[in-house]
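Read the structure below first, then the notes.
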Amino acid sequence: MSAPSLLAQRPLRALLVAEIVSTTGSQMTWLALPWFVLVTSGSATRMSFVVAAELLGLGLLGLPGGKLLARLGARQTMLLSDGARAPLMLLVPLLHWGGVLSFPGLLAIAFALGALSAPYFSAQKVIVPELLGENEALVSRASALFQGATRITMLLGPVAAGVLIATISAPAVLVVDAATYVIAVVLVAGFVPRRPPLAGEEAGAGVLAGLRFLLREPLLRVWTPVFALGDAAWTAFFISVPVLVVTRFGADPRVAGLLLASFGIGAVAGNVVAYRLLLDRVQGLSVIAACVMGQALPLWLLTLDLPAAAFCSALVVSGLANGLVNPSIHAIMTLRIPPALRPTAMTAMVMLFALVQPLGVFGAGPVLDAFGTRPVLVAFAAVQTVAMAAIVVVSLKVRAGERGREASVRPAAEPAG
270 MSAPSLLAQR
280 PLRALLVAEI
290 VSTTGSQMTW
300 LALPWFVLVT
310 SGSATRMSFV
320 VAAELLGLGL
330 LGLPGGKLLA
340 RLGARQTMLL
350 SDGARAPLML
360 LVPLLHWGGV
370 LSFPGLLAIA
380 FALGALSAPY
390 FSAQKVIVPE
400 LLGENEALVS
410 RASALFQGAT
420 RITMLLGPVA
430 AGVLIATISA
440 PAVLVVDAAT
450 YVIAVVLVAG
460 FVPRRPPLAG
470 EEAGAGVLAG
480 LRFLLREPLL
490 RVWTPVFALG
500 DAAWTAFFIS
510 VPVLVVTRFG
520 ADPRVAGLLL
530 ASFGIGAVAG
540 NVVAYRLLLD
550 RVQGLSVIAA
560 CVMGQALPLW
570 LLTLDLPAAA
580 FCSALVVSGL
590 ANGLVNPSIH
600 AIMTLRIPPA
610 LRPTAMTAMV
620 MLFALVQPLG
630 VFGAGPVLDA
640 FGTRPVLVAF
650 AAVQTVAMAA
660 IVVVSLKVRA
670 GERGREASVR
680 PAAEPAG
């Protein structure tokens, strides 16, 4: 199915727009909330604790989130999550403007936002094959469309946040994010059809069944923890951006927005190249093995005393490699899981990612306060390099095994001469 025929499906279009709107708001918040905490408290440690509280909510309450997804289905889960996150996000600026926002209260709100995000992120991964079926090439193309569109928000969201923070304040950006959740609810409720939840014994087996599958599947048992570790390193980097800008680039929030947007520029370009040239021509594991190291190696430039433009260039190149491989990564990680196990396995995956990510946050905050940004940036580049090298090794191993099995089956299927 081509891009025009994919986009001719109204449910897919509505879901795409909802994802763009919601992700744009989330990208704005990813800069606005840490910036808000940093400038109001003056503490990078407090800033990191707020981000960590959200991630802990995401991880610790993933189990009931998985049961919710298995019971309600992806569409209803997304509606429930976004519908609850909108008023919670709005609480932060309202309480701040009222002079009654305490730090423990902010931590509680962040934890609740994370808890509501757990089922939403799992539903995001399940809903595309629910709409399109199990064909890997088709799901990869749809994933490229979604990631290309939402990666544009990685470009627009931080830039818009930087401009808005400089002009109307960080709390106002959080109001915008709350509004994006409402818009996403309207789009999904109005245009994405209800699908019955997956039935069957496995669907009710819980997150532990999903976790057991991830542990025995040859590719996912390596990919899942390694990508989780890589994401923790990215979280540490994102936490360091406000401090980096305050200490080295004149405390200009627009520079922070440009730094975060640079990765999005590269990611969008990579998604376009993958969609146009790679997904129908090159097997997914081959793309990943060939390109994924390009995400890690440019990050070593961030450890040097370079101007902001050089930092942006390194992040563009890293984003380009990420955009090339991510459609295949998401399609493979989704489709290697049996449909009946997909809600619980995806929830187990989201839980693992969320429980590992605070390691980067808790580690980065005190280090930033005590030693500045350089140790965090060195650790970021090192962890990414090791993680992506592991991805290359296991991808090549699994691809070789699959080709060997195909070669052994093919002669047996041919008729004797």
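Per my numbering: the sequence shown = residues 270 to 686.
C-beta atoms are modelled at their ideal positions from N, C-alpha and C, and glycine is treated no differently.
- Here residue 500 carries a helix assignment [DSSP, helix/strand/coil].
- By the criterion of a C-beta distance shorter than 6 Å, residue 316 is surrounded in its chain by 303, 306, 307, once the five residues flanking it on both sides are discounted.
- By the neighbour-count definition (other C-beta atoms within 10 Å, threshold 16), residue 499 is a buried residue.
- Straight across, the Cα-Cα distance linking residue 377 with residue 326 is about 9 Å.
- Taking all protein chains shown into account, residue 640 has fewer than 16 neighbouring C-beta atoms within 10 Å of its C-beta and is therefore exposed.
- The three-state secondary structure of residue 654, taken from DSSP, is helix.
- Annotated three-state conformation of residue 342 is coil, per DSSP.
- In the displayed model, residue 278 falls within coil according to three-state DSSP, outside both helix and strand.
- The region 561 to 575 makes no contact with the region 614 to 623, as fewer than three CB pairs between them are under 8 Å.
- In the three-state reduction of the DSSP assignment, residue 527 falls in the helix class.
- Using a Cβ distance threshold of 7 Å, residue 324 and residue 559 do not count as a contacting pair.
- When C-beta atoms of the region 410 to 427 are compared with those of the region 277 to 293, three or more pairs fall below 8 Å, so the two segments count as touching.
- In summary, residue 579 is exposed, with fewer than 16 beta-carbon neighbours lying within 10 Å of its beta-carbon over all protein chains present.
- The three-state reading of DSSP puts residue 608 in helix, counting H, G and I together.
- DSSP places residue 446 in the uninterrupted alpha helix (DSSP H) bounded by 439 to 460.
- Distance from the Cα of residue 488 is smallest, within the candidate group 372, 666, 537, for 666.
- Ranked by Cα distance from residue 645, the first of 628, 660, 659 is 628.
- With respect to the C-alpha of residue 652, the residue from 671, 386, 568 having the closest C-alpha is 568.
- Straight-line measurement puts the Cα of residue 285 at about 13 Å from the Cα of residue 410.
- Judged by DSSP secondary structure, residue 372 falls within the alpha helix (DSSP H) whose first and last residues are 372 to 401.
- At the C-beta level, residue 477 and residue 493 stay beyond 7 Å of one another.
- Assignment of residue 622 by DSSP, reduced to helix, strand and coil, places it in the helix class.
- In terms of Cβ geometry, residue 343 and residue 392 form a close pair [threshold 7 Å].
- Taken atom to atom, the span from the alpha-carbon of residue 497 to that of residue 491 is near 10 Å.
- Exclusion of the five residues before and after residue 635 leaves 314 as the residues of its chain whose Cβ lies within less than 7 Å of its Cβ.
- For residue 631, the CB contacts under 6 Å within the same chain, skipping 5 residues up- and downstream, are 321 in chain order.
- In this structure, 373 is the residue among 573, 373, 602 with its C-alpha nearest to the C-alpha of residue 310.
- Within the model, the alpha-carbon separation for residue 278 versus residue 375 is close to 41 Å.
- Taking a contact as a CB-CB distance under 8 Å, the pair residue 501 and residue 586 does not count as one, their CB atoms being some 22 Å apart.
- The beta carbons of residue 351 and residue 453 sit about 5 Å from each other, so the pair counts as a contact at 8 Å.
- Measuring C-alpha to C-alpha distances from residue 575 to each of 664, 517, 602, 554 identifies 517 as the nearest.
- Of all alpha-carbon atoms in 606, 293, 280, the one lying nearest the alpha-carbon of residue 480 is that of 606.
- Here residue 371 is exposed, its C-beta having fewer than 16 other C-beta atoms within 10 Å.
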